[in-house]
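Quick note, the sequences are listed as chains A and B, same order. Take the first sequence: its position 27, counting from 1, is numbered 27 in my numbering, and each next residue is one higher. Going from the second sequence to my numbering is simple: count from 1 and add 1000. A virtual CB, placed ideally from N, CA and C, is assigned to each residue, including glycine. Being a predicted model, the structure only gives us computed values, none of them experimental.
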Amino acid sequence: MQTKNWNILLVDDEKEFITTLAERLELRGITARVCHDGKSALDTVRKAPPQVVVLDIMMPGLKGTEVLAQLKQEFPAIQVILLTGQTSPAASFDSTLAFACLTKPLKLDDFMRTLTEAIEAGKGENHA
Amino acid sequence: MRKFSQEIEFMGATVAHNMHEMQNILAIVHESAGLVEDILRINPDLEFQHRPKVEETLAHIRWQVQRGKKVLHATSKLGHSIDQPVHETCDLNVYARIGATLAQRMARMRGADIVCSPDEQPLPVLTGALAVLIQIYLGIEWAVGEQQEKRTVHLRAEAGKDAHKVVIQGSAISARAPVSAIQALAPTTRIETEENALVLFFPVAQETPV
């Protein structure tokens, strides 16, 4: 297995889901940091900006959409992949801010492909 | 009237919230099974007595998660069907599929399968989503009937000029079609009955609902 030097942050209040996803990424040579709410995600990004943030939309407290807007304002080069539910109501946010929007449960092949594309897209932009 | 409206809103919001919760549960089951699959995949030479059974069970979990996703999606759409702006219009193509999924359990309990053939394009209609769902459900319920032998109900959505339609086709149906009950839900729906079939015509809306 080839280790990838990617800098990923996963954000979801469903701890078992996001921890298991991080473990599956680790088996693919990707080490990801994990946060369980929007506020700690923003604090983590401010300390050490990742290349890609994978962000659940529906979280208690600071919503994923609010985190998205704040992130893109402070760190426009960071690529954000949103996680939504098929059961989520119609989007009421500027989805163009996000690199992609994926639905849960994830198809890991699709997720890996999108993650790779987001990393590549981020390389073309300067980090704030 | 206000009390009824509050009750409906409560039902819709609660169903939608809890479907989201179920979706999170499915996502955890899906990722957990995926993690076990990953571990087996990166250890192809690791042989143990029940490995084939474990792999087969993981495949079952994957399949059931997909099945659960479909039911969740349909039930959530039911919950959101009273939301604005879909209150007055909806995409008949989407809601024909949703209606078929919601009726699947009822049909299976009576020995019937439902085969849904949606159109390939959005079919916006000037009828609220909830009314469309109940109308389609009533139509399927009629086509399924009370018989217990194995049979199939076909449901298809088709585009029209002034009205898009849903055709619900059964076999050997003896009961009278529930025309007045369907009509009562949305007076603008035109209904035609054919042998073993019910055709519901919904007035076309100019724009595709969100």
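Q: Kindly indicate if chain B contains any beta-carbon less than 8 Å away from that of leucine 62/A.
A: Position 62 of the first sequence, counting from 1, holds the residue named residue 62/A. So, not an interface residue.
Q.
Which of the three DSSP states is assigned to glycine 1079/B in this structure?
A. Residue 1079/B sits at position 79 when you count from the first residue of the second sequence. In this structure, glycine 1079/B counts as helix in the three-state DSSP scheme.
Q: Taking histidine 1030/B as the query, report the chain A residues whose CB atoms sit under 7 Å from its CB, ordered along the chain.
A: For this step, residue 1030/B is matched to residue 30 along the second sequence. Those are Pro105, listed as they occur along chain A.
Q | Beta-carbon gap between glycine 122/A and histidine 1020/B smaller than 8 Å | A | Looking up residue 122/A in the first sequence gives position 122. Looking up residue 1020/B in the second sequence gives position 20. No, Cβ-Cβ distance for glycine 122/A and histidine 1020/B is not below 8 Å.
Q: Please decide whether threonine 59/A counts as near chain B, where near means a Cβ-Cβ distance under 8 Å.
A: Here residue 59/A corresponds to residue number 59 of the first sequence, with the count starting at 1. At residue 59/A the sequence reads methionine, which differs from the threonine that was named. With 8 Å as the cut-off, methionine 59/A does not count as an interface residue toward chain B.
Q. Which residue's Cα is closest to the Cα of valine 1115/B: Lys1003/B, Val1166/B and Lys1161/B?
A. As a position in the second sequence, residue 1115/B is number 115, starting the count at 1. Here the closest residue by C-alpha is Val1166/B.
Q: In the DSSP assignment, find the alpha helix (DSSP H) that holds alanine 109/A and state where it starts and stops.
A: Along the first sequence, one-based indexing puts residue 109/A at 109. Residue identity differs from the one stated: residue 109/A is aspartate in this sequence, not alanine. Segment 108–123, the alpha helix (DSSP H) holding aspartate 109/A.
Q) Is the region 102–113 of chain A touching the region 61–74 of chain A, taking contact as three or more C-beta pairs under 8 Å? A) no
Q: Could you tell me how far apart the beta carbons of leucine 1155/B and alanine 1096/B are, in whole angstroms, since I believe they sit closer than 8 Å?
A: Counted from its first residue, the second sequence places residue 1155/B at position 155. Counted from its first residue, the second sequence places residue 1096/B at position 96. That pair is a contact at about 6 Å.
Q. Taking contact to mean at least 3 C-beta pairs separated by less than 8 Å, is the region 1158–1178 of chain B in contact with the region 1188–1206 of chain B?
A. yes
Q. The beta strand (DSSP E) with threonine 103/A in it runs from where to where?
A. Here residue 103/A refers to the residue found at position 103 when the first sequence is read from its first residue. Residues 100–104.
Q | Within-8 Å CB hit, leucine 71/A to chain B | A | As a first step, residue 71/A is located in the first sequence; it is residue number 71 there, counting from the start. It does not; no Cβ of chain B falls within 8 Å.
Q) What three-state label does DSSP hand glutamine 51/A in the structure shown? A) Numbered from 1 along the first sequence, position 51 holds the residue referred to as residue 51/A. Coil.
Q) Under three-state DSSP, which class holds asparagine 5/A? A) If you number the first sequence from 1, residue 5/A lands on position 5. DSSP places asparagine 5/A in strand when its eight states are reduced to three.
Q: Determine contact between the region 1057–1065 of chain B and the region 1100–1107 of chain B, defined as no fewer than three beta-carbon pairs at a distance below 8 Å.
A: no
Q.
Taking the straight line between their C-alpha atoms, what separation do you get for histidine 1060/B and arginine 1051/B?
A. Looking up residue 1060/B in the second sequence gives position 60. Looking up residue 1051/B in the second sequence gives position 51. Distance between the alpha carbons of histidine 1060/B and arginine 1051/B: 14 Å.
**Q.** alanine 1159/B versus Asn1093/B, Glu1037/B, Leu1058/B and Ser1005/B, residue with shortest Cα-Cα distance
**A.** Within the second sequence, residue 1159/B is the residue found at index 159, counting from 1. Answer by Cα proximity: Asn1093/B.
Q | isoleucine 1173/B vs tryptophan 1142/B beta-carbon contact at 8 Å | A | As a first step, residue 1173/B is located in the second sequence; it is residue number 173 there, counting from the start. As a first step, residue 1142/B is located in the second sequence; it is residue number 142 there, counting from the start. Their beta carbons are under 8 Å apart, which means isoleucine 1173/B touches tryptophan 1142/B by this criterion.
**Q.** Status (buried if at least 16 other CB within 10 Å, exposed otherwise) for phenylalanine 1048/B
**A.** Mapped onto the second sequence, residue 1048/B falls at position 48. With fewer than 16 Cβ atoms within 10 Å of its Cβ, phenylalanine 1048/B is classed as exposed.
Q. What first and last residue would you give for the alpha helix (DSSP H) that runs through arginine 1105/B?
A. Walking along the second sequence from the start, residue 1105/B turns up at place 105. Run containing arginine 1105/B: 1092–1109, per the alpha helix (DSSP H) assignment.
**Q.** Where the region 3–25 of chain A meets chain B: residues whose CB sits under 7 Å from a CB there
**A.** Glu14, Glu16, Phe17, Thr20, Leu21, Glu23 and Arg24
**Q.** DSSP-derived helix/strand/coil call for proline 1052/B
**A.** Your numbering for residue 1052/B matches position 52 in the second sequence. Proline 1052/B falls in the helix class under three-state DSSP.
(Q) Quick check on glutamate 1207/B: buried or exposed, where buried means 16 or more other Cβ atoms within 10 Å of its Cβ? (A) One-based indexing of the second sequence puts residue 1207/B at position 207. The residue is exposed, with fewer than 16 neighbouring Cβ atoms inside 10 Å.
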